[in-house]
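Undergrad: Sending over a structure as structure tokens; questions will come in a sec.
Residue numbers (the numbering used here): 4 to 644.
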């Protein structure tokens, strides 16, 4: 502790020579998956930077509303400060214990200046240094009453000294949450000894001083040792007022190497060929020579493939590490590369050791013979249908997922096309920034003739006139070239009036689309649904179908399928025209998506009837699904006892 004590003795003489100087403490509550945080944090940073000589900033990453790895590393101490101030939403700020409130209201040039020009009851200075092995941080905080009056706590034991280890800057290679932010500033990493702080004397007479010394193990989750600093502040728990604050400067770490991941490539020959040769470029980002490192990549979060690199990298030099060829599985693959253990030791900066995810979309090269059908019903929430891939132009994956009303609190209607099924595919333009693009690509389909068509249903409402768009492309060479066959946006795409709440379609707000595929006769094809956001409202897609007639028009003829009586009490009869004999599977599904009746029936060609006994069903609306010879027909009826 000798060096830290010597440093603080210098502070002692400085404090004795001057009056009570104040630094204003701004505590800010934010989160990596909070949309409003992403829009408001830049303005707050600009203001704080402009007042860097007046303000000490301390940021707490909360546990809500979504994912935040900085909170996950130390959730308890951030939660303690949330509870202390009664914070219920983010972003939120507190200035010198006053708040919480909107950052734009609590923290302004005027409020900073007013508080800065208010004399501090106590002087406060802080210093920190690393131990020789960079495994611990020594911290010294010096408190002095340089005024003429005694300073007293508001209540016995209420005066607390809080100390926080922070990182001045954390830079992620890709957004760690869902709001797009990658850079975070003055992040609280560890409170010393904890969030309760250290109890100070209740009375400080003129000239009274005290030095507080701490030693804390360096948290393993620190991102960059070069960005570590310390914030200290004195707070009176009787009224939450902050008497003064201090901060230390970051220190350059000279004794550890810094290897960075400079580039990562894993290109495939095309959408239908998943072979790739991953290549990782590493770089010496520090001053110490690097002679070894561990380089790895992983596919979809699986077991890493690792190579131990050896060589010699001087400061700023790079080296390319090639891996053996690998075949990626069908689907939307995420590949991440890492580098670690430079020279077999720790790395001063852990935030440049990982690549942003590479998205490699791979379709099964074996085609599915037409007819092709995708009704979304077997796909779970937060997924797209099996065999399809999702491409996007944003740093983070947009919200494109199959949804049912089970994921929407209080929604009464089914979300499948026309309300006739439980699920459909949502493209969340409501949260996708303008210019964001997401494309859903179907599996490869063969057996196309001049009579084949692409059928699909969509529903869309704008927010306030924004021109979100849908384009449909077809490719016969696995995505090397594309032919545009559908292009609508804005009012031409809309099936419902503008909506300022997130749009969930009613059964009457769906629209059928039919596209001729005659120009692709004799070829294998894939279809791309390209969704272009103008930051409007949601687009919904359902019932992808490639065949010579619309769904329900062949083996089961929709126009001649009837169900009666409706409403029903004890039984219903289904009559339908069948073109080809077969085994029909009949299911009755309630509004919760549960199958309440399932039975089979052998049917011959011609007009047929199927009886269903519904006396045991509760009152309500039900869907009947009839599957016959790879075709599906749906009907609705009501049970009313």
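The C-beta atom is built at its ideal place from N, Cα and C for all residues, glycine as well.
For the pair the region 115–132 and the region 175–182, tell me if three or more CB-CB distances fall below 8 angstroms.
TA: The region 115–132 vs the region 175–182: no contact.
Undergrad: Could you check which residue in 220, 223, 204 has the C-alpha nearest to that of residue 214?
TA: For this step, residue 214 is matched to residue 211 along the chain shown. That would be 204, whose Cα lies nearest to the Cα of residue 214.
Undergrad: Would you say residue 321 and residue 355 are within 9 angstroms of each other, going by their C-beta atoms?
TA: If you number the chain shown from 1, residue 321 lands on position 318. If you number the chain shown from 1, residue 355 lands on position 352. Contact flag unset, no.
Undergrad: Can you give me the start and stop residues for the alpha helix (DSSP H) that residue 3 sits inside?
TA: Here the chain comprises residues numbered 4 to 644, so residue 3 is not present and cannot be evaluated.
Undergrad: Of the choices 507, 375, 551, whose alpha-carbon is the least far from that of residue 425?
TA: Walking along the chain shown from the start, residue 425 turns up at place 422. For residue 425, the nearest C-alpha among the options comes from 507.
Undergrad: Pick helix, strand or coil for residue 119, following the three-state DSSP scheme.
TA: For the purposes of this step, residue 119 is taken as the residue at position 116 of the chain shown. Looking at residue 119 - three-state DSSP - the assignment turns out to be helix.
Undergrad: Around the C-beta of residue 216, are 16 or more other C-beta atoms found within 10 angstroms, so that it is buried, or is it exposed?
TA: Sequence index remark: in the chain shown, residue 216 carries index 213 (1-based). Counting Cβ neighbours within 10 Å, residue 216 comes out exposed, since fewer than 16 surround it.
Undergrad: Would you decide whether residue 567 is buried or exposed? Buried here means 16 or more other CB atoms lie within 10 Å of its CB.
TA: Looking up residue 567 in the chain shown gives position 564. Exposed.
Undergrad: What residues are listed by DSSP as bridge partners for residue 310?
TA: Taking the first residue of the chain shown as 1, we reach residue 310 at position 307. BP columns for residue 310 point to 298.
Undergrad: With a threshold of 16 other CB atoms inside 10 Å of the CB of residue 545, please say whether the residue is buried or exposed.
TA: For the purposes of this step, residue 545 is identified with residue 542 of the chain shown, where counting begins at 1. Under this definition residue 545 is a buried residue.
Undergrad: If you draw a straight line from the C-alpha of residue 375 to the C-alpha of residue 547, how long is it?
TA: Here residue 375 refers to the residue found at position 372 when the chain shown is read from its first residue. Here residue 547 refers to the residue found at position 544 when the chain shown is read from its first residue. Answer to the nearest angstrom: the Cα atoms are 8 angstroms apart.
Undergrad: Can you tell me whether residue 233 is buried or exposed, with buried defined as 16 or more other CB within 10 angstroms of its CB?
TA: Locating residue 233 in the chain shown gives position 230, counting from the first residue. The residue in question, residue 233, is buried, as its Cβ has 16 or more Cβ neighbours within 10 Å.
Undergrad: Taking just the CA atoms, how far does residue 479 sit from residue 331?
TA: By one-based count along the chain shown, residue 331 stands at place 328. By one-based count along the chain shown, residue 479 stands at place 476. Approximately 22 angstroms between the Cα atoms of the pair.
Undergrad: When the Cα of residue 491 is compared with those of 465, 157, 362, 610, which residue comes out closest?
TA: Against the chain shown, residue 491 aligns to sequence position 488. Measuring from the Cα of residue 491, the nearest candidate turns out to be 465.
Undergrad: Would you list the one or two residues that DSSP bridges to residue 132?
TA: In the chain shown, the residue the question calls residue 132 occupies position 129. 141, per the DSSP bridge assignment.
Undergrad: If I follow the unbroken beta strand (DSSP E) through residue 580, where does it start and stop?
TA: Position 577 of the chain shown, counting from 1, holds the residue named residue 580. 574–581 is the span of the beta strand (DSSP E), which, as asked, contains residue 580.
Undergrad: Along the alpha helix (DSSP H) that carries residue 85, what are the first and last residues, could you check?
TA: On the chain shown, residue 85 is found 82 positions in, with the first residue counted as 1. First-last of the alpha helix (DSSP H) with residue 85: 78–88.
Undergrad: Please report the distance separating the alpha-carbon of residue 53 from that of residue 529.
TA: Within the chain shown, the letter at position 50 stands for residue 53. Within the chain shown, the letter at position 526 stands for residue 529. Approximately 54 angstroms, taken between the alpha carbons.
Undergrad: Less than 8 angstroms between the CB atoms is what I'm expecting for residue 518 and residue 587, so what's the real figure, rounded?
TA: Walking along the chain shown from the start, residue 518 turns up at place 515. Walking along the chain shown from the start, residue 587 turns up at place 584. With a Cβ gap of about 30 angstroms, residue 518 and residue 587 do not count as contacting.
Undergrad: What does the alpha-carbon distance come out to for the pair residue 603 and residue 626?
TA: Reading the chain shown from its first residue, position 600 is the one you call residue 603. Reading the chain shown from its first residue, position 623 is the one you call residue 626. Residue 603 and residue 626: Cα-Cα distance of roughly 16 angstroms.
Undergrad: According to DSSP, which residues form a beta bridge with residue 614?
TA: Here residue 614 is taken as the residue at index 611 of the chain shown, counted from 1. Paired residue(s): 576.
Undergrad: Just how far apart, CA to CA, sit residue 457 and residue 512?
TA: As a position in the chain shown, residue 457 is number 454, starting the count at 1. As a position in the chain shown, residue 512 is number 509, starting the count at 1. So the two alpha carbons sit approximately 20 angstroms from each other.
Undergrad: With a Cβ-Cβ cutoff of 9 angstroms, do residue 307 and residue 278 count as a contact?
TA: As a first step, residue 307 must be located in the chain shown, where it is residue number 304. As a first step, residue 278 must be located in the chain shown, where it is residue number 275. No, the pair does not count as a contact, with Cβ atoms beyond the cut-off.
Undergrad: Taking 8 angstroms as the threshold, find out whether the region 228–245 comes into contact with the region 151–169 through three or more Cβ pairs.
TA: Yes, they touch.
Undergrad: Between the Cα of residue 648 and those of 247, 481, 43, spot the shortest distance and give me the residue it belongs to.
TA: Absent from the model: residue 648. The displayed extent of the chain is 4 to 644, so no value can be given.
Undergrad: In terms of residues, what are the limits of the alpha helix (DSSP H) holding residue 109?
TA: Walking along the chain shown from the start, residue 109 turns up at place 106. Per DSSP, residue 109 belongs to the alpha helix (DSSP H) from 106–109.
Undergrad: Would you mind working out which of 206, 139, 125 sits nearest residue 159, comparing C-alpha positions?
TA: Counting from one through the chain shown, the residue named residue 159 turns up at place 156. Nearest option by C-alpha distance: 206.
Undergrad: Please classify residue 187 as buried or exposed, where buried requires at least 16 neighbouring CB atoms within 10 angstroms.
TA: The residue you call residue 187 lines up with position 184 of the chain shown. Buried, by the Cβ-count rule.
Undergrad: Using beta-carbon positions only, say whether residue 74 and residue 35 come within less than 9 angstroms of one another.
TA: Locating residue 74 in the chain shown gives position 71, where the first residue counts as 1. Locating residue 35 in the chain shown gives position 32, where the first residue counts as 1. Yes, these two residues count as a Cβ contact at 9 angstroms.
Undergrad: For residue 502, which of helix, strand or coil comes out of DSSP?
TA: Here residue 502 refers to the residue found at position 499 of the chain shown. Correct three-state label for residue 502: coil.
Undergrad: The beta strand (DSSP E) with residue 548 in it runs from where to where?
TA: Position 545 of the chain shown holds residue 548. Run containing residue 548: 542–550, per the beta strand (DSSP E) assignment.
Undergrad: Do residue 620 and residue 593 have their C-beta atoms within less than 9 angstroms of each other?
TA: Along the chain shown, one-based indexing puts residue 620 at 617. Along the chain shown, one-based indexing puts residue 593 at 590. Going by C-beta atoms, residue 620 is nearer than 9 angstroms to residue 593.
Undergrad: Can you give the beta carbon distance from residue 63 to residue 29, rounded, assuming they're within the 8 angstroms contact cut?
TA: Here residue 63 is taken as the residue at index 60 of the chain shown, counted from 1. Here residue 29 is taken as the residue at index 26 of the chain shown, counted from 1. Contact doesn't hold; Cβ gap of about 11 angstroms is too wide.
Undergrad: Which word fits residue 562, buried or exposed, when buried means at least 16 other C-beta atoms lie within 10 angstroms of its C-beta?
TA: For the purposes of this step, residue 562 is taken as residue 559 along the chain shown, with counting starting at 1. Any reading at residue 562 must be qualified, since the residue scores a pLDDT of 38, below 50, and its modelled position is unreliable; the value itself is stated next. Exposed, because fewer than 16 other Cβ atoms sit within 10 Å of the Cβ of residue 562.
Undergrad: To which residues of the same chain is residue 172 closer than 6 angstroms at the C-beta, ignoring the five residues directly before and after it?
TA: For the purposes of this step, residue 172 is identified with residue 169 of the chain shown, where counting begins at 1. 188, 230, listed in sequence order.
Undergrad: Could you give the first and the last residue of the continuous beta strand (DSSP E) run that contains residue 534?
TA: Translated into the one-based positions of the chain shown, residue 534 becomes position 531. Run containing residue 534: 529–535, per the beta strand (DSSP E) assignment.
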